[in-house]
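Colleague: Residue numbers (full-length UniProt numbering): 1 to 396.
First the structure, then my questions, so here it is.
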Ligand SMILES: [Zn+2]
């Protein structure tokens, strides 16, 4: 009989006096069994250690070590002051993907309260072994993100890391020359604001506000991203990301089927959509104008690309401007929230799934899948993250 110590996530809400019988990492009166995937399962007996007694339950346990959330559970935050990580998502489908991967059920009750004047809506949960505050942005765009981020700082004054998670448009290849296909994930600790500047005759001169006036990402995050780029660490990140994406019984999996290689259509940049007004999913543009993609010869596993994100209030739907900005700034992705959040938090990581090619053929078809890959990558990212101050509430 295998002896396992099963620690489940904390029951949500501020710690109550009745919960103080927590010993050996187990909340005895609130013990719940974690959902486990069907794949590679065998029936085993699990013995739960509790003070003065053993409880034997039948549980399905995977034969592999692919359930890292069983390894650790953070202590339950006492108050808003104990949270260190905020996750920002603008679209409902982005937030839903994050919530679907929570280690615990999540809490929308608002029981931790908010600062006066804070109109944000939050979901509290555990993701990748970390307590997080999920911030639901009211709409896309820099100004909404900046306002929400300021309110978040007022309500959760000790947030140290802000993660912007969701979907983005992408260029065709990253800075290493690797093809970017839809569903891949972009990770960045650097953002430029591509649509803020001066329009002079014949030229737009970007104002380099973020780089000049705002603090750069923390040395801790930069160092961590450097580590993640190493072959072994990146492969582990990819394995974990794909595991979370494909957990057969997760709440995420049934919602996000891969849309199919035939729907991943990158047109030549010299060929803007010639059938504007028709449904973008079937605009009738000829396949002869598609760019051949090596990775799409078969359904690809989502990849992770590290590179600069261009953020702005304008929706990028122009292959010409996409490539112009990308070449000038070395950007590999376009989105609309990170610049606003960057103004409020000095330490920001962007994790975004590629849902279109930021061109005139932009559609919404890939948004759910891209949001799911980003959420899965976020969870793998948090799992891999070793905080510098492990004694911080919510970080251990
Ligand atoms: Zn077209």
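Here a beta-carbon is modelled for each residue, glycine too, at the ideal position from N, C-alpha and C.
Owing to the predicted nature of the structure, the values given are computational and were not obtained by experimental measurement.
Would the stretch 108 to 118 count as touching the stretch 182 to 191 if we require 3 or more Cβ pairs under 8 Å?
Modeller: no
Colleague: Is any heavy atom of ligand 1 found at a distance shorter than 8 Å from the C-beta of residue 263?
Modeller: no
Colleague: Hey, how far is the Cα of residue 379 from the Cα of residue 361?
Modeller: The alpha-carbon atoms of residue 379 and residue 361 are separated by roughly 30 Å.
Colleague: For the beta strand (DSSP E) containing residue 352, list its first residue and its last residue.
Modeller: 348 to 356
Colleague: Is residue 284 near ligand 1, in the sense that its beta carbon is under 8 Å from a heavy atom of that ligand?
Modeller: yes
Colleague: Answer with buried or exposed for residue 381, where buried requires no fewer than 16 other C-beta atoms within 10 angstroms of its C-beta.
Modeller: Under this definition residue 381 is a buried residue.
Colleague: Are the beta-carbon atoms belonging to residue 373 and residue 178 less than 9 Å from one another?
Modeller: no
Colleague: Hey, how far is the Cα of residue 240 from the Cα of residue 168?
Modeller: 21 Å
Colleague: Please classify residue 152 as buried or exposed, where buried requires at least 16 neighbouring CB atoms within 10 angstroms.
Modeller: It is buried - the Cβ of residue 152 has at least 16 other Cβ atoms within 10 Å.
Colleague: Who are the Cβ neighbours of residue 242 in its own chain at under 8 Å, not counting the five residues just before and after it?
Modeller: 301, 302, 376
Colleague: Is the stretch 304 to 324 close to the stretch 153 to 162, with three or more CB pairs under 8 Å?
Modeller: The stretch 304 to 324, when compared against the stretch 153 to 162, does not touch it at the 8 Å Cβ threshold.
Colleague: I need the boundaries of the alpha helix (DSSP H) containing residue 121, first residue and last residue.
Modeller: Taken as a continuous stretch (DSSP letters only), residue 121 belongs to no alpha helix (DSSP H), being part of the beta strand (DSSP E) at 121 to 127.
Colleague: Just to confirm, are residue 164 and residue 350 a CB contact at a threshold of 9 Å?
Modeller: Yes; because the gap between Cβ atoms is below 9 Å, this pair is in contact.
Colleague: Is residue 260 buried or exposed, if buried means 16 or more other CB atoms sit within 10 Å of its CB?
Modeller: exposed
Colleague: Would you tell me roughly how many angstroms separate the C-alpha atoms of residue 57 and residue 104, rounded to the nearest one?
Modeller: Residue confidence is low: residue 57 scores 29 on pLDDT, short of 50, so the model does not pin down where it sits. Its coordinate-derived value is still stated next. Straight-line Cα distance between these residues: approximately 20 Å.
Colleague: Within the present structure, is the beta-carbon of residue 267 separated from the nearest heavy atom of ligand 1 by less than 8 Å?
Modeller: yes
Colleague: For residue 121 versus residue 136, is the C-beta distance shorter than 9 Å?
Modeller: yes
Colleague: Within a Cβ cutoff of 6 Å, which residues of the same chain sit near residue 162, ignoring the five residues on either side of it in sequence?
Modeller: 86, 341, 345, 348
Colleague: What separation, rounded to the nearest whole angstrom, lies between the Cα atoms of residue 174 and residue 267?
Modeller: 17 Å
Colleague: For residue 81, is the classification buried or exposed, using 16 other Cβ atoms within 10 angstroms of its Cβ as the cut-off for buried?
Modeller: exposed
Colleague: Return the CA-CA distance between residue 314 and residue 196, expressed in angstroms with no decimal places.
Modeller: 10 Å
Colleague: Could you give the residue range of the alpha helix (DSSP H) that holds residue 381?
Modeller: 367 to 384
Colleague: Could you give the distance in angstroms between the alpha-carbon of residue 385 and the alpha-carbon of residue 84?
Modeller: Between residue 385 and residue 84, the C-alpha separation is close to 13 Å.
Colleague: Select from 171, 74, 128 the residue whose C-alpha is nearest the C-alpha of residue 310.
Modeller: Checking every option, the nearest Cα to that of residue 310 belongs to 171.
Colleague: Kindly give me the distance between the Cβ atoms of residue 296 and residue 331, rounded to whole angstroms, as I take these residues to be in contact under 8 Å.
Modeller: Their Cβ separation, rounded to whole angstroms, is 23 Å, which puts residue 296 and residue 331 out of contact at 8 Å.
Colleague: Taking the alpha-carbon positions, what's the residue 149 to residue 134 distance?
Modeller: Those two C-alpha atoms are separated by around 11 Å.
Colleague: Can you give me the Cβ contacts of residue 229 inside the same chain, cut-off strictly under 7 Å, excluding the 5 residues immediately before and after it?
Modeller: 306
Colleague: Hey, is residue 360 close to ligand 1, as in C-beta under 8 Å from one of its heavy atoms?
Modeller: yes
Colleague: Where residue 145 and residue 130 are concerned, what is the direct C-alpha to C-alpha distance, given to the nearest angstrom?
Modeller: 23 Å
Colleague: Does the Cβ of residue 226 have 16 or more other Cβ atoms within 10 Å, making it buried, or fewer, making it exposed?
Modeller: exposed
Colleague: Quick check on residue 168: does DSSP put it in helix, strand or coil?
Modeller: strand
Colleague: According to DSSP, is residue 323 part of a helix, a strand, or is it coil?
Modeller: helix
Colleague: In angstroms, rounded to a whole number, what distance separates the CA positions of residue 127 and residue 329?
Modeller: 33 Å
Colleague: Determine whether the beta carbon atoms of residue 141 and residue 343 lie at a separation below 9 Å.
Modeller: Residue 141 is not a Cβ neighbour of residue 343, given a cutoff of 9 Å.
Colleague: What separation, rounded to the nearest whole angstrom, lies between the Cα atoms of residue 262 and residue 339?
Modeller: 33 Å
Colleague: Write down the C-beta distance between residue 289 and residue 271 rounded to the nearest angstrom, noting that I regard them as a contact closer than 8 Å.
Modeller: 4 Å
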